[in-house]
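One structure is given below, encoded as structure tokens.
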Amino acid sequence: MFRTVTRSWQAAGPLAACGQCVAAGAGVAANDLFGREDRPVTDKTGPDSAPELPGCTNVVLARSGIPRVYRCLRQGTAASALVYPVRVDASTAAAFNKQAKALQGVDHPHVASVLESGVADGFPYLISVGDAGTLAEQIRSQLRSPADLAVLGRQLAQGLAALHGAGLVHGGLTPGAVVLLADGQPQLSALALGLGQHTGHAALNSPSQLYVAPETLRDGTLTAASDLYALGAVLHAAISGKPPLAARMGETAGEHILRVLNEPPARLEVLPDAFADVIARLLEKDPAKRPVSAEVVAAALAALATPTTPPIPPIRPVTATPKQPPATTPPLPRPAVMSRTTLRTWPTPTPQPTPTPQPPTATPPATTTPPPATTTPPPAAQPPASPPPSSQPPAGPSSTSQPSSGAVPAAGGKRSWLLVAATVVVAAAVIATLALVNRKGQTETPPLSAPTPTTPSTPALAVKLNPPADHSTYVDLTWSGPSDVNYAVVIAQVGQPAVVRLVYKHTRYRVAVVPGIQYCFAVQATDGINKMETDPRPVRDAQCER
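Read in order, the letters of the sequence shown correspond to residues 932 to 1477 in the working numbering.
Structure (structure tokens):
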């Protein structure tokens, strides 16, 4: 099966006619439930209640997130109004105003500046400068490289250090709370400011729990250490595309929270060891085992980032670090390369000893005199010897074709990828030796080309699920595949068990959905003997993985 993780945003309309208010699209930071989820918010004041803020539009850009986001104009410049949709009592309002005032005093390039704050008609709000998007939106289209991730992590850690130095805790750091300026510089935005208990910070099924520290989920604790855990989770998502412990298909919210509390996250093998160690420490379950401060994290990440440009540290780290990032980027395309090299290289070890070692042993000088015509009659006997090797390789590819066909229905076993990765290392050595052998004997090229024709027959079922068409209350699914097989549609809603619908030989299906809720879909196919399942497709920016 595959996992589903909520992460979405909501587009908006054109410029408002009033000239003061702008209803813009994505790029507005939501607060603690980050990624701008399209989930209904339980609201004590009604769905359309909002304070009157001069110069701000009444069109909600992100109704379902907390806070709701409105577009405003301040001094002729675009700004974002973050309004918490729940009225608070006097004591909470006083705490909010106190922390908002402290936030206005934080002047740091990686903390979004606050232009205005207050409590209007019982609703807390912040107005900050406009931005060009969020990290959550960037992750959807492009992941960070290890070098870029080190820079991003250092900048965010420096921003957290500035907040912690002012006595503030962010309390809601996720990719959606990291806004990006026009030049790409990141800024921390949308702090909870003491409103965690009012914003449903650890609400079940909310995207916030994907980045929230275990102690916060357990008892609501918000400290600098919990911010560091969230930083580790954000960096994990920025390079892998998913939070450390994403929700699994069919997993209830309670089950997911139990995993977050008890299950260690997977190590990021795509990163150099020193970098992976930093993120692993940030994601420790025990706050006492995390780095002591954001400054320490910033310094550690700065040390990781600098060797890529100047050779200041020792020579070994400098040479090791540049080599590893390039080596870490290929793992993403590796699966495609693995399948090909595995099929082509496994047959080669058998022909390798058979080509011409026998004639050379009989007449060592003959290696220099194979061109003369006197030696051509014996080679005539060699071609008959070469067909047997060609008959042996087909047995090789048949064994390799089984793993390749088995990899199709395999539903995301990481162990199998590790085995394939080990195979690629062996295959690389085989290719190197094969290149040397081919220079001496030309009879080994046919065996390589012979097994390849057998590979097209391995994929028994080829089904492609097209991107779903989301129509708010229903989703249209279409796919291409053989006409003589039976199909079933897998429907996964976050926090709910997966549902499978048998659609027989149809290649389109309409699914009724709940507006604003994220889903993942896949199509299964079987001809009675073989079976397969497509890669999952998301809607509303859900994150799906096998």
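For every residue, glycine included, the Cβ atom is placed at its ideal position computed from N, Cα and C.
Query                                                                                                               : Result
Outcome for residue 1404 when other beta-carbon atoms lying within 10 angstroms are tallied against a minimum of 16 : exposed
Cβ pair count under 8 Å reaching 3, the stretch 1165-1179 against the stretch 1058-1076                             : yes
Distance, residue 1019 Cα to residue 1191 Cα                                                                        : 30 Å
Proximity to residue 1111 [Cα-Cα], best of 1104, 1103 and 1120                                                      : 1120
Same chain only: Cβ atoms within 8 Å of residue 1435, ignoring 5 sequence neighbours per side                       : 1417 and 1418
Helix, strand or coil at residue 1173 [DSSP, three-state]                                                           : coil
Contact the stretch 1084-1092 vs the stretch 1001-1009: 3+ CB pairs below 8 Å                                       : no
Neighbour-count burial assignment, residue 1068, 16 or more Cβ in a 10 Å radius                                     : buried
Through-space distance from residue 1048 to residue 1025, alpha-carbon basis                                        : 12 Å
8 Å CB neighbourhood of residue 1415 in its chain, flanking five on each side removed                               : 1436 and 1458
Residues sharing a beta bridge with residue 1478, DSSP                                                              : The structure shown does not extend to residue 1478, since the chain spans only 932 to 1477, so no value can be given for it.
Opening and closing residue of the alpha helix (DSSP H) in which residue 1398 lies                                  : It is not in any alpha helix (DSSP H) - residue 1398 carries neither H nor E in the DSSP assignment.
Residue from 1104, 1453 and 1233 with nearest C-alpha to residue 887                                                : Because the chain in this structure spans residues 932 to 1477, residue 887 falls outside the shown range and cannot be described.
Own chain residues within Cβ distance below 6 Å of residue 1228, not counting five before or after                  : 1088 and 1222
Cβ-based burial, residue 1483 [other Cβ within 10 Å; buried from 16]                                                : Since the first and last residues shown for the chain are 932 and 1477, residue 1483 lies out of range.
Whole-angstrom distance between residue 1443 and residue 1470, CA atom to CA atom                                   : 13 Å
Residue closest to residue 1147, alpha-carbon to alpha-carbon, out of 1179, 1100, 1094 and 1183                     : 1100
Enclosing beta strand (DSSP E) for residue 1223 [first to last residue]                                             : No beta strand (DSSP E) holds residue 1223; DSSP gives it neither H nor E.
Which listed residue (1196, 1107, 999 and 1041) has its alpha carbon closest to that of residue 1058                : 999
Residue 1118 (DSSP reduced to helix, strand or coil)                                                                : strand
Backbone CA spacing between residue 1029 and residue 1438 [nearest angstrom]                                        : 58 Å
DSSP state of residue 1470 mapped onto helix, strand, coil                                                          : strand
Inter-residue spacing [alpha-carbon to alpha-carbon] between residue 972 and residue 1445                           : Bear in mind that the predicted position of residue 972 carries a pLDDT of just 33, short of 50, making it too unreliable to give a figure here.
Nearest neighbour of residue 1162, chosen from 1142, 1154, 1179 and 1180 [CA to CA]                                 : 1142
Residue interval of the beta strand (DSSP E) (run including residue 1424)                                           : 1417-1424
Residue from 1155, 1065, 1149 and 1159 whose Cα sits closest to the Cα of residue 1113                              : 1065
Local conformation of residue 1059 per DSSP, three classes                                                          : strand
Cα-Cα separation, residue 1213 to residue 1441                                                                      : 43 Å
Own chain, CB closer than 6 Å to residue 1023, minus 5 neighbours either side, in chain order                       : none
Three-state secondary structure (DSSP) of residue 1231                                                              : helix
Neighbourhood of residue 1226 by C-beta, 7 Å cutoff - its chain only, sequence neighbours within 5 removed          : 1092
Cβ-Cβ separation, residue 1421 to residue 1429 (assumed contact under 8 Å), whole Å                                 : 6 Å
Check whether residue 1195 and residue 1220 have beta carbons under 9 Å apart                                       : no
Between the CA atoms of residue 1218 and residue 1044 - distance to the nearest angstrom                            : 29 Å
Spatial distance of residue 1463 from residue 1005 (CA atoms)                                                       : 55 Å
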